[in-house]
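*Asks:* Structure provided below as structure tokens; questions to follow.
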Amino acid sequence: MLANYFPILLFIVVGLGVGAVAVSVGKVLAPHKPYDDKLAPYECGFEAFEDSRMKFDVRYYLVAILFIIFDLEIAFLFPWAIVLDEIGAFGFWAMMGFLAVLVVGFIYEWKKGALEWE
Amino acid sequence: MREYFFWLTAWLPHNLQVTMWVLTKIVAILAPLMLCVAYFTFAERKLIGYMQIRVGPNRVGPRGWLQPIADALKLMMKEIIIPSRANRFLFLTAPLLSLGPALAAWAVIPFSDGLVLADIDAGLLYILALTSMGVYGVLVAGWASNSKYAFLGAMRCAAQIVAYEIAMGFALVGVLMVAGSLNLRDIVLGQSGSMLHWYWLPLLPLLVVYFIAGVAETNRAPFDVAEGESEIVAGFHVEYSGMAFAVFFLAEYANMILIAALTVLMFFGGWLPPLEVAPFTWLPPLMWFGVKTSLVAFLFLWFRATFPRYRYDQIMRLGWKVLIPITLLWIVVLGMVKFYTPIGVWFA
């Protein structure tokens with residue numbers, strides 16, 4: 209059983225390796241002549257004003273938090289969908305109850321404006 | 059072939075033999091894949107050229123056919139600039155983080171019945187996990203570059219990817235409800251019969267949602283605000299040059315082909331012919347898979363040539379307020395149909 213996963217592990221290593229080799233090839237073959245202006249961060253030709261790790265909109269956090277909730281929901285739905293034939297109509301309605309609770313939460317988010325952008 | 063390989067390397071320890079055999083198979087998948095990616099970029103430039111009544115690249119080689127190779131050589135010869143304020147280690151790791159998962163996902167893709175590197179039961183879960191990893195490459199790239207455009211691009215991109223991932227996940231739940239398995243081979247075999255048995259028919263809304271989410275996940279037009287060349291120049295990879303940029307580019311195109319392949323496997327019967335009768339069964343299954351994947355991949359290019367770019371707030375609205383409710387509703391409908399109507403038996 210676990211032997212099936214060995215090729216996958218190897219594939220991930222090779223996948224990362226392809227990228228590493230490509231970048232290394234570029235490093236070796238390409239010229240390397242750095243100077244200050246070339247290495248400056250790109251800002252349409254201006255000098256960079258300040259550090260670019262600035263404050264950003266809190267909405268991005270909100271999206272990330274909502275994502276975690278819904279992704280967990282999906283994680284619950286996956287095994288349920290696989291065994292739907294065995295658990296039958298009762299299992300189906302049980303999950304519908306769970307989904308209904310989440311939909312109430314979703315509607316609340318919607319009404320609160322958490323899904324609005326601007 | 060396997061026996062021959064093991065006979066040839068009989069003098070090596072067994073574990074090493076197995077590793078080498080698996081590596082051979084990986085190369086047999088990756089080499090054609092990289093070739094496809096290279097020529098997909100060429101196809102894109104040619105097709106969009108024709109759609110805009112231009113000829114596209116036609117100088118390098120006969121009718122421009124050597125263009126991707128020339129591009130690769132050019133990128134190899136270009137300096138990789140690491141900005142002075144960047145975090146060097148993360149800056150160089152980010153491209154790997156985005157290409158690695160895009161390639162590794164192919165480990166579980168069945169090209170035809172039995173022709174798969176790892177026939178695991180958690181296939182679709184593995185795919186979902188790996189496609190989610192792609193967002194790290196983008197975030198790390200935007201953060202490590204320490205440039206405003208890169209940072210803005212990365213934030214937008216990350217928020218967009220996670221928003222559409224939910225819709226994508228729900229669409230997959232629909233597929234699982236009908237197929238009853240996470241194994242991609244079983245999902246395809248569950249669709250055997252004819253075109254009408256493929257899952258596109260009972261799951262039509264989910265197919266549309268899945269494909270739109272796939273386009274948004276790969277940051278392709280019309281959802282390419284993360285790159286948005288007219289406002290934030292190139293988004294998260296603005297500071298990347300030479301091969302470091304090329305790796306991001308490869309990852310984007312490999313991901314597009316991956317989404318196309320998954321759409322075919324889950325909704326269009328994978329390697330199965332449209333009808334199980336004579337003229338259709340002449341073409342080998344592998345070819346059917348290739349033809350279907352190419353057709354779906356073509357849509358990505360067609361979209362780019364046709365649709366104007368969405369505004370960011372429109373993208374978020376579409377993801378949260380349209381696609382997620384549709385998928386939720388269709389999951390309920392599927393369950394109802396499955397348990398309370400006679401046609402439910404047909405798809406179960």
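Chains as they are written, first to last, in this note's numbering: chain A, 209 to 326; chain B, 59 to 406. Even for Gly, the Cβ is constructed at its ideal location relative to N, Cα and C.
Please check if any C-beta of chain B sits within less than 9 Å of the C-beta of phenylalanine 286/A.
*Replies:* Closer than 9 Å to some Cβ of chain B, the Cβ of phenylalanine 286/A qualifies, so yes.
*Asks:* Grab the span of the alpha helix (DSSP H) containing glycine 225/A for me, first residue to last.
*Replies:* Per DSSP, glycine 225/A belongs to the alpha helix (DSSP H) from 214-237.
*Asks:* How about valine 291/A: is its C-beta nearer than 9 Å to some C-beta of chain B?
*Replies:* Yes, valine 291/A counts as interfacial toward chain B.
*Asks:* Could you compute how far the alpha carbon of alanine 208/B sits from the alpha carbon of leucine 392/B?
*Replies:* So the two alpha carbons sit approximately 42 Å from each other.
*Asks:* DSSP on leucine 330/B, reduced to helix/strand/coil?
*Replies:* Here leucine 330/B sits in coil by DSSP.
*Asks:* What does DSSP give as the partner residue(s) for serine 252/B in the beta ladder?
*Replies:* Bridge partners of serine 252/B: Leu333/B.
*Asks:* Between the C-alpha atoms of glutamine 125/B and alanine 292/B, what's the straight-line distance to the nearest angstrom?
*Replies:* One C-alpha to the other measures close to 22 Å.
*Asks:* Could you spell out where the alpha helix (DSSP H) holding leucine 240/B opens and where it closes?
*Replies:* Run containing leucine 240/B: none; DSSP gives neither H nor E here.
*Asks:* So, helix, strand or coil for leucine 173/B, using DSSP?
*Replies:* If DSSP states are grouped into helix, strand and coil, leucine 173/B belongs with the strands.
*Asks:* Can you list, in chain order, the residues of its chain whose CB lies under 6 Å from that of lysine 83/B, leaving out five sequence neighbours each side?
*Replies:* Excluding residues within five positions, the ones whose Cβ falls inside 6 Å are Leu175.
*Asks:* Measuring alpha carbon to alpha carbon, tell me which of Leu161/B, Leu265/B, Gln249/B ends up nearest isoleucine 389/B.
*Replies:* Isoleucine 389/B has its Cα closest to that of Leu265/B, out of Leu161/B, Leu265/B, Gln249/B.
*Asks:* Along the region 187-210 of chain B, what residues have a CB closer than 9 Å to any CB found in chain A?
*Replies:* From the region 187-210 of chain B, only Leu188, Ser190, Trp201, Ser203, Asn204, Ser205, Lys206, Tyr207, Ala208, Phe209, Leu210 have a Cβ closer than 9 Å to chain A.
*Asks:* If you measure between the beta carbons of lysine 241/A and glutamate 297/B, is that distance less than 9 Å?
*Replies:* Against a cut-off of 9 Å, the Cβ pair of glutamate 297/B and lysine 241/A comes out as no contact.
*Asks:* Determine the DSSP secondary structure at glutamine 110/B, reduced to helix, strand or coil.
*Replies:* Correct three-state label for glutamine 110/B: coil.
*Asks:* Determine the burial state of valine 403/B: buried for a count of at least 16 other Cβ atoms within 10 Å of its Cβ, exposed for fewer.
*Replies:* Its pLDDT being 49, under 50, valine 403/B is placed unreliably by the model, and nothing is read from it.
*Asks:* Could you pull the start and end residues of the alpha helix (DSSP H) that leucine 274/A belongs to?
*Replies:* Taken as a continuous stretch (DSSP letters only), the alpha helix (DSSP H) holding leucine 274/A covers 267-290.
*Asks:* Could you tell me the distance, in whole angstroms, from the CA atom of glycine 238/B to the CA atom of tryptophan 318/A?
*Replies:* Cα to Cα, the separation comes out at about 32 Å.
*Asks:* What is the C-beta distance between proline 141/B and serine 205/B, in whole angstroms, given that I count them as a contact (C-beta under 8 Å)?
*Replies:* Right, their Cβ atoms sit about 7 Å apart.
*Asks:* Starting from tyrosine 368/B, find everything on chain A with Cβ-Cβ shorter than 9 Å and list it in chain order.
*Replies:* The premise fails here: tyrosine 368/B is roughly 12 Å from chain A at the closest Cβ pair, so nothing lies under 9 Å.
*Asks:* Is lysine 241/A close to chain B, meaning its C-beta is less than 9 Å from at least one C-beta of that chain?
*Replies:* At least one chain B Cβ lies under 9 Å of lysine 241/A.
*Asks:* Under a three-way DSSP split, which group does methionine 303/A fall into?
*Replies:* Three-state result, methionine 303/A: helix.
*Asks:* Can you pull the chain A residues whose beta carbon is under 7 Å from the beta carbon of leucine 175/B, in chain order?
*Replies:* Within 7 Å Cβ-Cβ: Pro215, Phe219.
*Asks:* Output the residue ranges of the alpha helix (DSSP H) runs that lie fully inside the region 343-399 of chain B and measure 4 residues or longer, sorted by chain position.
*Replies:* If we require 4 residues or more, the alpha helix (DSSP H) runs fully inside the region 343-399 of chain B come out as 343-364, 370-375, 382-398.
*Asks:* Under 8 Å by Cβ, that's how I've got glycine 272/B and methionine 226/B pegged, so tell me the actual separation to the nearest angstrom.
*Replies:* Contact flag correct, Cβ pair sits at about 7 Å.
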